[in-house]
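Below is one structure; the comments refer to it alone.
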Amino acid sequence: MKFEYYLEKQVQLAPDKILHHFRYYDYYELTGIYYKFQKMIRFFLTAFCILNSFEPTNSAFIPLTKKFLDKLKNETLYNKFATPTQYDDVPTNVTLSMFIEGMSSFSAQTMDYHLDVYFQEEWYDHRLAHNNTAPILVRDLEVFKMMWHPDVYFANARSAAFQDITDDNFLVWVYPNGRVWYDARISIVSSCNMDLWKYPLDSQECALRILSYAYPMTVLRLLWSEKEDVPAIDRNPDITMPDMSLKHIRTGYCNGTYATGEWSCMTAIFYVEREMMHHVMQTYVPTALIVVISWFNFWLEIDSAPARVSLSITTLLTISTQANAVKLALPEVSYMKAIDVWMGSCMAFVFGVMIEFTICHYAKTLEKEKDRQAREAELRGGPPLVVDTLSTLFGAVHDIDDLNEDEELRGDGEQHIALNMLNPEEPRLRSLHPTTNDITTNGTRYFMGAERLKRKRSKTSITRLRQQVASMRHATADVSRRAFKWTRAVRKLHGHRVATKIDERCRIVFPMVFILFNIAYWSFYLVFN
Numbered sequence: 004m005k006f007e008y009y010l011e012k013q014v015q016l017a018p019d020k021i022l023h024h025f026r027y028y029d030y031y032e033l034t035g036i037y038y039k040f041q042k043m044i045r046f047f048l049t050a051f052c053i054l055n056s057f058e059p060t061n062s063a064f065i066p067l068t069k070k071f072l073d074k075l076k077n078e079t080l081y082n083k084f085a086t087p088t089q090y091d092d093v094p095t096n097v098t099l100s101m102f103i104e105g106m107s108s109f110s111a112q113t114m115d116y117h118l119d120v121y122f123q124e125e126w127y128d129h130r131l132a133h134n135n136t137a138p139i140l141v142r143d144l145e146v147f148k149m150m151w152h153p154d155v156y157f158a159n160a161r162s163a164a165f166q167d168i169t170d171d172n173f174l175v176w177v178y179p180n181g182r183v184w185y186d187a188r189i190s191i192v193s194s195c196n197m198d199l200w201k202y203p204l205d206s207q208e209c210a211l212r213i214l215s216y217a218y219p220m221t222v223l224r225l226l227w228s229e230k231e232d233v234p235a236i237d238r239n240p241d242i243t244m245p246d247m248s249l250k251h252i253r254t255g256y257c258n259g260t261y262a263t264g265e266w267s268c269m270t271a272i273f274y275v276e277r278e279m280m281h282h283v284m285q286t287y288v289p290t291a292l293i294v295v296i297s298w299f300n301f302w303l304e305i306d307s308a309p310a311r312v313s314l315s316i317t318t319l320l321t322i323s324t325q326a327n328a329v330k331l332a333l334p335e336v337s338y339m340k341a342i343d344v345w346m347g348s349c350m351a352f353v354f355g356v357m358i359e360f361t362i363c364h365y366a367k368t369l370e371k372e373k374d375r376q377a378r379e380a381e382l383r384g385g386p387p388l389v390v391d392t393l394s395t396l397f398g399a400v401h402d403i404d405d406l407n408e409d410e411e412l413r414g415d416g417e418q419h420i421a422l423n424m425l426n427p428e429e430p431r432l433r434s435l436h437p438t439t440n441d442i443t444t445n446g447t448r449y450f451m452g453a454e455r456l457k458r459k460r461s462k463t464s465i466t467r468l469r470q471q472v473a474s475m476r477h478a479t480a481d482v483s484r485r486a487f488k489w490t491r492a493v494r495k496l497h498g499h500r501v502a503t504k505i506d507e508r509c510r511i512v513f514p515m516v517f518i519l520f521n522i523a524y525w526s527f528y529l530v531f532n
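Just so we're aligned: the sequence shown equals residues 4 to 532 in this note's numbering.
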C-alpha cells in the first residue's frame with residue numbers, strides 16, 4: 004500500500020526521499036508479519052506435542068498407581084473370581100503366543116524333551132480400563148494374583164517351573180482400554196510318545212498341549228495369535244541340539260468334549276529329525292567293519308583252527324557288546340527297531356562265518372580219520388577190510404583144527420566144527436548152512452553147526468569147508484583192495500578239496516549278500532519311508 008502511494012506521488016517528491024520512506028514503512032510491516040507467523044508456529048508445535056503425549060506406546064509405561072490398586076481391592080468394583088465377560092453371556096477370548104528360546108534333551112529312554120519358552124497371553128478386561136496415557140506395568144506377583152487371569156496349564160508336561168533368576172521373570176501390562184498383556188519365562192519338561200521303529204533313522208512329532216483347567220469353552224476360549232507382528236510361535240534361530248534338529252513348528256487345536264462339556268485346547272507340534280552322523284560313526288561303521296574282519300577267516304588255512312575260531316568268536320562277542328550298548332540307551336519296546344535289524348543281521352553274518360568254518364573243519368576231520376585208518380591198515384599188512392576178513396576166516400579154520408584135536412583125544416573120529424565170525428553174506432558159506440538162523444547183531448554171524456557136523460563126522464565135509472574158506476579169502480581180499488582204492492579217491496575229492504572250494508565261494512558270496520542287504524536296508528528306511 005505504501006509503495007503504491009509513493010508511486011503516485013513520485014512526481015512531487017525527490018527520488019531519494021521516495022526510497023527513504025519506502026524502506027521505513029516496509030520494515031515495520033514485515034516485522035509485524037514475522038511475529039504473527041512465529042506465534043502460529045509455536046501454537047502448532049505445542050498442539051502437536053500435546054496430542055502426541057496422549058498416544059500410548061510400548062516403550063512407555065507408568066508405574067503401579069494407588070488408584071489402580073484401590074480398584075483391585077474394592078470387591079464391588081472388581082471381582083477377580085469372575086471372568087471379564089462373565090455377565091455378558093459370551094466366552095472370554097484369550098490369545099496365546101510363544102517364543103522358543105531353547106530346546107534340548109530329546110531322550111528316547113525317558114520319552115521327553117526340554118523347552119525354555121517365553122509364554123504370552125493377551126485378553127481384554129474392561130474393568131481394568133484407566134485414564135492414564137500409557138500402560139501400567141505390574142511386576143509384583145501378589146498384585147497379579149489380585150487380577151483375574153486365565154488358568155492355562157500344559158496337559159502333557161511332566162514338570163514346569165517359572166524362571167526366577169535374578170527376579171521373577173514375568174510382567175503384566177494393563178493398557179488404558181483394558182487390554183492385558185502377560186509375559187513369563189517358563190521351563191517345561193514335556194512328554195513325547197516317540198515311535199522308535201526307525202531308530203536311529205527316525206523323525207518325531209512332539210506335541211505340547213495347552214488347556215484351561217477350570218473354564219469350559221462356553222466361558223473361556225483359547226486362540227493362537229493371528230497378528231502379523233506377533234506370530235503364534237517364533238523361535239530362536241540359534242537353537243542347536245546334539246542329537247536332533249528342529250525342522251518346523253505347527254500350531255493347531257485339539258478341542259475335546261468330555262462329561263463336563265467342551266473344553267478349549269491348543270497344540271504346538273514340534274517336528275524334529277534325529278541326526279544320523281553320530282550313530283553312523285558310533286554304530287553302523289564299527290559293526291560293518293567287524294563283519295568285514297570276520298571274512299578274513301576265508302583266507303586262513305583250514306588247518307589253522309585256533310586262529311579261525313578265535314577270530315570268529317572275537318567278532319561275534321564284539322557285535323554282541325555293541326548291541327547291548329545300544330539297548331541300554333533305548334526303552335524296552337515290543338516291536339523291532341531299525342538298529343535291531345542291523346545288529347541282528349550283522350550278528351547273523353558273523354555266525355554264518357562260524358558255521359562255514361565248522362563245515363570245512365568237519366570235512367577236513369573226516370579225511371584225517373580215514374587217513375588214520377588207512378595207515379593202520381598198511382601197518383597191519385593190508386587194507387582194513389582185508390585184515391578184518393582174514394582174521395575172521397583164520398579164526399574159523401583154527402576152530403576146526405581145535406575140534407579135530409578134541410575128537411582124537413576122546414577117541415571119537417567124528418569132528419566138531421564151530422564156525423565163528425564168518426560173513427553171512429558170502430553165497431558159498433550160505434550154501435553150506437542153508438538153515439542156519441542164529442545171527443549176532445554186529446554183523447558177525449556164528450553158525451552153530453557143531454552138533455550137525457558131529458552127527459555127520461565126515462572128513463569130506465571138513466576138507467570141502469577148508470577149500471571154500473581158502474577161496475573166499477582170496478575173493479574177499481580182492482574186493483577189499485578195490486573198495487579201499489575207491490574210498491581213498493572219494494576221500495581225496497570230498498576232504499581238503501571240498502573245504503577249500505567252500506572257502507573260495509564264500510569269499511564272494513558273503514560280501515555280495517552283505518552289499519545287497521545294505522542296499523535293501525538303507526533304501527527301505529530312508530527312501531521308501
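Built from N, CA and C at the ideal position, the CB exists for glycine as well.
Measuring CB to CB, does residue i end up less than 7 Å from residue j?
i	j	result
Ala-235	Ser-193	no
Val-1	Phe-147	Not covered by the structure: residue 1. The range shown for the chain is 4 to 532.
Glu-124	Asn-239	no
Trp-525	Tyr-338	no
Ile-305	Ala-111	no
Tyr-116	Phe-109	yes
Asp-171	Leu-214	no
Trp-126	Val-183	yes
Met-106	Ile-272	no
Lys-83	Met-149	yes
Met-269	Tyr-256	yes
Thr-68	Ser-228	no
Ile-65	Ile-139	yes
Do you know offhand how far residue i's Cα is from residue j's?
i	j	result
Val-389	Ala-310	For Val-389, the predicted structure reports a pLDDT of 44, less than 50, and the residue's modelled location is therefore unreliable. A value from the coordinates is still provided. In a straight line, the C-alpha of Val-389 is about 40 Å away from that of Ala-310.
Ala-341	Leu-211	27 Å
Ile-362	Trp-298	15 Å
Val-312	His-364	11 Å
Thr-60	Tyr-528	Summary for Thr-60: the model assigns pLDDT 44, below 50, so the residue's position carries little reliability; its value from the coordinates is reported in the next sentence. Cα to Cα, the separation comes out at about 54 Å.
Glu-276	Leu-303	44 Å
Phe-531	Arg-253	25 Å
Arg-500	Asn-196	58 Å
Tyr-81	Gln-89	12 Å
Ala-163	Ser-315	52 Å
Gln-207	Lys-504	49 Å
Asn-445	Ala-523	Any answer about Asn-445 is weak, because its pLDDT of 40 lies below 50 and its placement is not dependable; what the coordinates show is given next. Rounded to the nearest angstrom, the two C-alpha atoms are 56 Å apart.
Met-515	Val-336	32 Å
Pro-245	Cys-209	17 Å
Glu-507	Val-283	31 Å
Leu-226	Ile-518	53 Å
Pro-87	Leu-331	53 Å
In the DSSP output, what is residue i paired with across the bridge?
i	result
Trp-200	Trp-200 pairs with nothing; no bridge assigned.
Asn-96	Arg-224
Trp-184	Glu-125 and Trp-176
Alpha carbons only, please: which of the options is nearest the one belonging to residue i?
i	options	result
Pro-334	Thr-136, Leu-131, Asp-198 and Ala-137	Asp-198
Gln-285	Ile-139, Cys-195, Val-155 and Ala-326	Ala-326
Glu-78	Thr-68, His-251, Met-339 and Trp-151	Trp-151
Pro-153	Asp-128, Ala-328 and Phe-102	Asp-128
Met-279	Tyr-202, Lys-250, Ile-168 and Met-220	Tyr-202
Tyr-178	Leu-131, Met-149 and Ala-164	Leu-131
Thr-169	Ile-65, Thr-86, Arg-188 and Met-101	Arg-188
Gly-3	Met-220, Leu-174, Asn-134 and Leu-72	Lying outside 4 to 532, the shown extent of the chain, residue 3 is not represented and no answer is given.
Lys-250	Tyr-274, Asp-237, Gly-259 and Thr-260	Tyr-274
Asp-237	Ile-522, Met-515, Met-220 and Asp-119	Asp-119
Asp-232	Met-244, Val-356 and Phe-102	Phe-102
Gly-259	Pro-245, Thr-86 and Tyr-218	Tyr-218
Leu-204	His-281, Tyr-185, Glu-507 and Met-357	His-281
Please work out which residues of its chain come closer than 7 Å, Cβ to Cβ, to residue i, disregarding the five sequence neighbours upstream and downstream, and give them in chain order.
i	result
Cys-509	Phe-301 and Glu-359
Ala-63	Ala-137
Ala-308	His-364
Tyr-216	Asp-154 and Tyr-156
Phe-520	Ser-348
CB-CB under 8 Å to residue i, same chain, minus the five flanking residues each way: which ones, in chain order?
i	result
Cys-349	Thr-290, Ala-291, Ile-293, Val-294 and Ile-322
Val-329	Thr-286, Ile-342 and Met-346
Met-114	Ser-194, Cys-195, Asn-196, Met-197 and Pro-334
Gly-264	Pro-219, Met-220 and Thr-221
Excluding sequence positions up to five away, which residues of its chain have a Cβ less than 6 Å from the Cβ of residue i?
i	result
Arg-224	Pro-94, Asn-96 and Ser-267
Leu-319	Val-353
Tyr-185	Glu-124 and Val-175
Pro-430	Its pLDDT being 48, under 50, Pro-430 is placed unreliably by the model, and nothing is read from it.
Val-356	Ser-297, Asn-300 and Ser-315
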